[in-house]
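In this note's numbering, the protein residues as written are 1 to 826. All C-beta atoms in this analysis are idealised placements derived from N, C-alpha and C, irrespective of residue type, glycine included.
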Amino acid sequence: MKRALSITCSVTILAFPFSAIAQFIQGQVTDHNNQPISQAEVELIDTNTKFTTNSNGQFSINNIKPGHYELHLSAKQFAHKNVHLDVPTQGVNDLVIQLNSSSIEVIDVTASPFHGSQIESAQPVSILSGEQLKAQQAATLGDTLKYQVGVHSSFYGSVASSPIIRGLDGPRVLIAQNGLDVGDVSRVGPDHAVATSAASAEQIEILRGPATLFFGSGAIGGVVNIVDQRIPKDTVTEGQYQLEYNTVNQQKQASLSVKSGLENFAYYADAFVSDSQSYNIPSYQLEEDHDEEHEDEAESHQQESIDKVNNSQAKSSGFTLGSSYLFNHASAQGFVGLSYGYLDREYGIPGHSHGHEEETESDHSEDEAGVYADMRQHRVQLLSEINLTDGFINQVNLKAGYTDYQHKEIEDNQVATLFTNESNEVRAELMHKALDDWRGGISLHYKKTDQAAVGEEAFTPASSTEEYALAWMEERHFGNWLVQLGARFEHINIEAQPDFAKELDLHSIDENHDEDEHDHAHGEESDEHLSLAELNQLEFNPLSWSVGTVWDFTPGYNIALSYSQAERAPSSAELFSFGPHLAANTYEIGAIYQLHQDETETHFEITESRLKLERSNNIDLSLRKFEGDIGFLLNLFYNRVDNYYYQTHTGLQTPMHAEHEDESAAVEETHEHDALLPVYLFNTADAKLYGYEAEIFWQYNQALKFKLQSDYVRAQLIDEKTDLPRTPPLRVGANVNYQADDYSLDMSVHRYFTQDKIEAYESETHGYTVLDFNANYYLSGFSQDLTLYFKAQNLTNELGLVHSSFLKEKAPLLGRNFAVGFRGYF
Numbered sequence: 001m002k003r004a005l006s007i008t009c010s011v012t013i014l015a016f017p018f019s020a021i022a023q024f025i026q027g028q029v030t031d032h033n034n035q036p037i038s039q040a041e042v043e044l045i046d047t048n049t050k051f052t053t054n055s056n057g058q059f060s061i062n063n064i065k066p067g068h069y070e071l072h073l074s075a076k077q078f079a080h081k082n083v084h085l086d087v088p089t090q091g092v093n094d095l096v097i098q099l100n101s102s103s104i105e106v107i108d109v110t111a112s113p114f115h116g117s118q119i120e121s122a123q124p125v126s127i128l129s130g131e132q133l134k135a136q137q138a139a140t141l142g143d144t145l146k147y148q149v150g151v152h153s154s155f156y157g158s159v160a161s162s163p164i165i166r167g168l169d170g171p172r173v174l175i176a177q178n179g180l181d182v183g184d185v186s187r188v189g190p191d192h193a194v195a196t197s198a199a200s201a202e203q204i205e206i207l208r209g210p211a212t213l214f215f216g217s218g219a220i221g222g223v224v225n226i227v228d229q230r231i232p233k234d235t236v237t238e239g240q241y242q243l244e245y246n247t248v249n250q251q252k253q254a255s256l257s258v259k260s261g262l263e264n265f266a267y268y269a270d271a272f273v274s275d276s277q278s279y280n281i282p283s284y285q286l287e288e289d290h291d292e293e294h295e296d297e298a299e300s301h302q303q304e305s306i307d308k309v310n311n312s313q314a315k316s317s318g319f320t321l322g323s324s325y326l327f328n329h330a331s332a333q334g335f336v337g338l339s340y341g342y343l344d345r346e347y348g349i350p351g352h353s354h355g356h357e358e359e360t361e362s363d364h365s366e367d368e369a370g371v372y373a374d375m376r377q378h379r380v381q382l383l384s385e386i387n388l389t390d391g392f393i394n395q396v397n398l399k400a401g402y403t404d405y406q407h408k409e410i411e412d413n414q415v416a417t418l419f420t421n422e423s424n425e426v427r428a429e430l431m432h433k434a435l436d437d438w439r440g441g442i443s444l445h446y447k448k449t450d451q452a453a454v455g456e457e458a459f460t461p462a463s464s465t466e467e468y469a470l471a472w473m474e475e476r477h478f479g480n481w482l483v484q485l486g487a488r489f490e491h492i493n494i495e496a497q498p499d500f501a502k503e504l505d506l507h508s509i510d511e512n513h514d515e516d517e518h519d520h521a522h523g524e525e526s527d528e529h530l531s532l533a534e535l536n537q538l539e540f541n542p543l544s545w546s547v548g549t550v551w552d553f554t555p556g557y558n559i560a561l562s563y564s565q566a567e568r569a570p571s572s573a574e575l576f577s578f579g580p581h582l583a584a585n586t587y588e589i590g591a592i593y594q595l596h597q598d599e600t601e602t603h604f605e606i607t608e609s610r611l612k613l614e615r616s617n618n619i620d621l622s623l624r625k626f627e628g629d630i631g632f633l634l635n636l637f638y639n640r641v642d643n644y645y646y647q648t649h650t651g652l653q654t655p656m657h658a659e660h661e662d663e664s665a666a667v668e669e670t671h672e673h674d675a676l677l678p679v680y681l682f683n684t685a686d687a688k689l690y691g692y693e694a695e696i697f698w699q700y701n702q703a704l705k706f707k708l709q710s711d712y713v714r715a716q717l718i719d720e721k722t723d724l725p726r727t728p729p730l731r732v733g734a735n736v737n738y739q740a741d742d743y744s745l746d747m748s749v750h751r752y753f754t755q756d757k758i759e760a761y762e763s764e765t766h767g768y769t770v771l772d773f774n775a776n777y778y779l780s781g782f783s784q785d786l787t788l789y790f791k792a793q794n795l796t797n798e799l800g801l802v803h804s805s806f807l808k809e810k811a812p813l814l815g816r817n818f819a820v821g822f823r824g825y826f
């Protein structure tokens, strides 16, 4: 019998008391002491079918044809392994596979069609799951993931935050749910909450670096994929519930999820509710900005002592219903399912006010006085996985989603601005059987997004973005080497109706400039520039490709190297913005415009330059040790981005309500107290982002485990030799976990260093340290497991100003918080 084994696997032939039956694989999974491992998962890669070992570590795979097969084995607290073997006509009945223990929790990644875990991928991946996910779950997605290596949070006053991956966020980081875009407007502005909840998530996957092959050009900086069971894949009855109370904001939250089934039908349902007040912070002096003309009046009020971030209250609720049909025929096995989800979230928007409105004492004490957002989302999702027994195509995966989203910003009980987003997305993956040991397939992807903003703060026009894509992915083992290849071509069409008639009252931001002097600027078109017809409908054709390899150079170690060139079409907001973006406290103007200044006039006109694709050239080098009591993951990355779209300060500022029909109106109707917003123009330049991510794990004994981590990114414009704004600082963290039979204790500390690598109009942010402590007590009985838990966050009540936040001075990190709750599993 011929057997081709990967270097990651040790296979021993033993005698087994199984009867000789042709066309089967029967074996046992053991640890390094030859003790059986129960509940280990054995997957037959060609068919994507899975088997679980019994209490004796035994498994049996029946009804297969003679030929070459690949097995993937995984078990909790053990490193994964791949086994390649040839199955003769008499079958295999004496296979023993040894797994080695790992101090790293190894988890399979679902975001990629390639089977593998975070230690088997050429691209760096992080996964948050299980008790760790529950312990770090926060009100927003960005805050839930903020301690993951290489990931920071945009932190908009605890009510909204998005993940920042290696210094990139917004339209460069895709937020997905079960592989499909969440379909919100969170990437348009920092005050827009991500329209998804992690309350029922099984795991959250973070793909660091370009993930355009699988998800499109909107993932040029990375992907956060939230995985749940809303479309169930089995009929096992199980569920969980949770109740929690937090002191820092009096937050009360509850969640429930349940999965079951009958015969070939599986069912799923979940629901959650959360309600919180404005959160407390360590008392500190907030320095206020004042106009020079009001300097005397404000002299005695230059500092304000605050101990709460007002208008940071939030309440949300939602539910999901899902069902699937499971089938297991001779020619095809798999499932097809459908789900519906509803999300309702209402939250204050701290720091969001109109400059012409005079602040009163009540504005600082009553949440009701502020602007708040009312968000609703309806989401329908279809998932299907079909494994085919015969034919060249052995697996067909289908994902489809429809999302109807709206977001109202309400002031004085009236809708000031309405954001809407309607999206349709379909992706089909056709995977083929091994062809000369190459495995892979093609992906067909379609997505259409219709976005609109109506109201006084609608800084972007209505737009429609349509995307067609074809991707190809392959991988193959060459002895100790795994090679992964891929390419993707997209056609993107963006339709919009930009407004060229806006006129601005501009002032120089130069302190020596006389405030009574001002220019009037307006958008205009020229025959020498791009035509209106071209701007109303833009077309882009991004092409992305990557090559990666993983070398298992010695048992328990590997080196991964990947190179990718990924292209991205600019978003509608980056192209067509022209208006006040109060959440960012800026006046934003898109890339279709350019600033013209001379001695007589200042105005914005249609750009003479052709709009370009953003091109990322990214290299990742990883060294991993994943077996034994000590493990580590070290990753170095360098990313050069050509034609990087960024906002540059024009040196000008304009009143918040500065758009007028004629020049005289601009002068007469400027409000006396109307705040001046700095004018930012989207521009392109070459940039580089480089840094490292490191994690070290030490399993001291079965109960005690330590972890050290650190990450750093430097982001610069190459020619200008200037730093990009709001780049997260150097961070170092440590964690110790003690796991007993009836309880567990966990303590972590994270140090954020001073960030002095800043942009010209940005201020330095001092470092701070956050200390957290968690305790769990486990109870069993009544056919369920119950966990009582206690969390203490920011124990030292440290004042933390988040450098990546637009509101770092006005909305620091939450102060000391104590949380109590319980989770039940059945």
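Cβ contact annotation for residue 645 (same chain, cutoff 7 Å, sequence separation greater than five): 570, 574, 591, 614, 682, 684, in chain order. If you draw a straight line from the Cα of residue 822 to the Cα of residue 243, it comes to about 6 Å. Separation of the CB atoms of residue 547 and residue 485 is rounded to 6 Å, and the pair is thereby assigned contact status at 8 Å.
The count of Cβ pairs closer than 8 Å, one atom from the segment 166-179 and one from the segment 738-750, stays below three, leaving the stretches out of contact. Straight through space, the alpha carbons of residue 793 and residue 453 are spaced by roughly 38 Å. In this structure, DSSP gives residue 143 a helical state, which the three-state scheme calls helix. Residue 635 is classed as buried because its beta carbon has at least 16 other beta carbons within 10 Å across all chains shown.
Following the DSSP letters along the chain, one finds residue 212 in no beta strand (DSSP E) but inside the alpha helix (DSSP H) bounded by residues 212-215. Residue 620 has its alpha-carbon roughly 5 Å from the corresponding atom of residue 562. For residue 609, no beta strand (DSSP E) segment is defined, and its DSSP state is neither H nor E. Using a Cβ-Cβ distance cut-off of 8 Å, the segment 435-449 and the segment 227-245 are not in contact, since fewer than three pairs of beta carbons, one from each stretch, lie closer than that value. Buried is the label assigned to residue 572, since at least 16 other Cβ atoms lie within 10 Å of its Cβ. Taking 9 Å as the cut-off, the beta carbon of residue 380 is found no closer than this to the beta carbon of residue 398. Collapsing the DSSP output to three states places residue 230 in coil. The segment 138-149 and the segment 183-200 touch, with no fewer than 3 CB-CB distances between them shorter than 8 Å.
Going by DSSP, residue 573 is part of the alpha helix (DSSP H) stretching over 572-576.
Taken atom to atom, the span from the alpha-carbon of residue 75 to that of residue 41 is near 6 Å. Only residues of its own chain outside the window of five on either side were considered, and among them 227 have a CB closer than 6 Å to the CB of residue 110, listed in chain order. When rounded, the separation of the alpha-carbon atoms in residue 726 and residue 805 is 7 Å. Residue 92 is positioned such that its CB atom lies closer than 9 Å to that of residue 27. Secondary structure at residue 133: helix, using DSSP grouped into helix, strand and coil. Under the 8 Å Cβ criterion, the segment 211-227 counts as touching the segment 152-167, having at least three qualifying pairs.
Secondary structure note for residue 325: its beta strand (DSSP E) is the uninterrupted segment 314-328. Ranked by how close their Cα comes to the Cα of residue 457, the residues 489, 578, 385 have 578 in first place. Here the C-alpha atom of residue 209 lies approximately 23 Å from the C-alpha atom of residue 202. Taking each of 383, 106, 45 in turn and checking the Cα distance to residue 84, the smallest one comes out for 45. The Cβ neighbour count for residue 648, taken over all protein chains shown within 10 Å, is at least 16; the residue is labelled buried. Taking the Cα positions, residue 728 is about 18 Å away from residue 814.
Counted as a single uninterrupted DSSP element, the beta strand (DSSP E) harbouring residue 153 occupies residues 151-153.
In its chain, beyond the 5 residues on either side, 189, 457, 459, 587, 588 have a beta carbon closer than 8 Å to the beta carbon of residue 581. Of all alpha-carbon atoms in 184, 280, 566, the one lying nearest the alpha-carbon of residue 408 is that of 184. For the segment 61-141, the continuous alpha helix (DSSP H) assignments of 4+ residues that do not extend past its boundaries occur at 130-136, in sequence order. Comparing alpha carbon positions, the residue from 449, 712, 121 closest to residue 474 is 121. Residue 206 and residue 225 have their alpha carbons spaced roughly 7 Å apart.
Note that the C-beta distance between residue 490 and residue 217 is below 9 Å.
Restricting attention to beta strand (DSSP E) runs no shorter than 3 residues, the segment 736-767 encloses them at 743-752, ordered along the chain.
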